[in-house]
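First comes the structure, then the notes that go with it.
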Amino acid sequence: MHLESVGTPGLWIGFTLFVLAMLALDLGVFHRRAHEIKVKEALRWTFVWIGLALAFNLGIYFWFGSECALEFLTGYLIEKALSVDNLFVFLVIFSYFAVPPALQHRVLLWGILGALVMRALFIVLGAALLQTFHWVIFLFGGFLLLTGIKLLFQREDSVHPEKNPVLRLVKRVIPTVSDYHGTHFFVRESGRLLATPLLLVLVVVEATDIVFAVDSIPAIFAVTDDPFIVYTSNVFAILGLRALYFALAAALGRFHYLKFGLGLVLAFVGIKMLITDFYKIPIVISLAVVVGLLGTSMLASWLWPPRRRHSSPKRTSPAPT
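If you're matching positions, the sequence shown starts at 34 in the numbering used here and goes up one per residue.
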């Protein structure tokens, strides 16, 4: 498979500088001081990131044509939907570690910086594999199909951050204090450098994102094999993830049918990859299927809300160290 990209070196550099500038503006100006993010502020930033993604999509349409624009939009929708499904995991992690609301934004910001690096590495690796070994596309397709089927039939499983192997390793290697110290990841006590629970939270968030990337990167390669489109659609979905979390945190439980829509989407893109040598599904049809499945699952979640449960994760103090 020969992968061609619309992204020139100038576009790659320009896009990277844009992302760094937006993150610097976010961290250094609008959220320089740690504070609790209210829904109104979160919604405002959510619309900003969505607006920037759509503006970028419009630029792709004028510069590279409708095909690339539809590929970006389809990939962005898939990544955004996967992000919404993953927000519940962040909610469980923050609840388990009793992260103060004012510190959650800082953890997600650094988590997103790590995610951008990891996604870039995964995309480079995926592109290299697809270009060198054509059969990898069938491996990706089979993996996505099985993942989609698993989502359709799996029961609601609890998330257990304390069982994360990376967290256990960090706690063995790095001495840790039990209390939060503002936005600090490390503190010095009696001449010793100790980690705060905030570092443990960040470690779990980063480790969790690696698992997320295993699903999302093959899914986006099913839509387009252009590394620039793959990366930019991924990045825009990730950049808006932090604001989306605070905007939807109180209502995440209502999206109980979203996993069925995601399962069908992943199964669809898996099948698309498996049959690519025999029939290439047009991008317009792919976009219609993705929008239809995700829209139907979210509409069903709204029409038939979940029954109230009493098994929400609760914790009143930071995780024991």
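The beta carbon of each residue, even a glycine, is placed where N, CA and C say it ideally should be.
These numbers were taken from a predicted model, which means no experiment stands behind them.
Linking G159 to V256 through their CA atoms gives a straight-line distance of about 13 Å. In the assembly as shown, S211 is an exposed residue. Its beta-carbon has fewer than 16 other beta-carbons within 10 Å. In the DSSP assignment, the residues bridged to R221 are L226. In the DSSP assignment, T209 forms a beta bridge with A228. Here the C-alpha atom of D248 lies approximately 44 Å from the C-alpha atom of S223. Put simply, the backbone Cα of L85 is about 42 Å away from that of R205. Counted as a single uninterrupted DSSP element, the stretch harbouring H289 is not any alpha helix (DSSP H), since DSSP gives it neither H nor E.
Per DSSP, the continuous alpha helix (DSSP H) segment holding G325 begins and ends at I316 to L336. Exposure of L53 is indicated by the presence of fewer than 16 other C-beta atoms within 10 angstroms of its C-beta. With fewer than three CB-CB distances shorter than 8 Å, the region 237–246 does not count as touching the region 91–107. With 16 or more other Cβ atoms inside 10 Å of its own Cβ, F254 counts as buried. Contact between P251 and L177 holds: CB atoms are separated by about 5 Å, below the 8 Å threshold. Sequence-distant Cβ neighbours of F301 in its own chain, meaning closer than 6 Å and more than five residues away, are V322. The continuous stretches of alpha helix (DSSP H) do not include P133, and DSSP gives it neither H nor E.
In this structure, Y278 sits away from L146, with a CB-CB distance that is not shorter than 8 Å. Burial is judged here by how many other beta carbons sit within 10 angstroms of a residue's own beta carbon; L110 has at least 16 and is buried.
Secondary structure note for P339: it is in no alpha helix (DSSP H), with a DSSP letter that is neither H nor E. E112 is the residue among V72, E112 and I262 whose C-alpha sits nearest the C-alpha of F245.
Closest in C-alpha terms to A161, from the list L87, V125, D259 and I314, comes D259.
Between R275 and P338, the CB-CB gap reaches or exceeds 8 Å.
In terms of CA proximity to T216, L235 leads the group L235, P208 and L202. The continuous alpha helix (DSSP H) containing V169 extends over residues V169 to F186. Put simply, of L179, L307 and C101 the residue whose alpha carbon is nearest the alpha carbon of F261 is C101.
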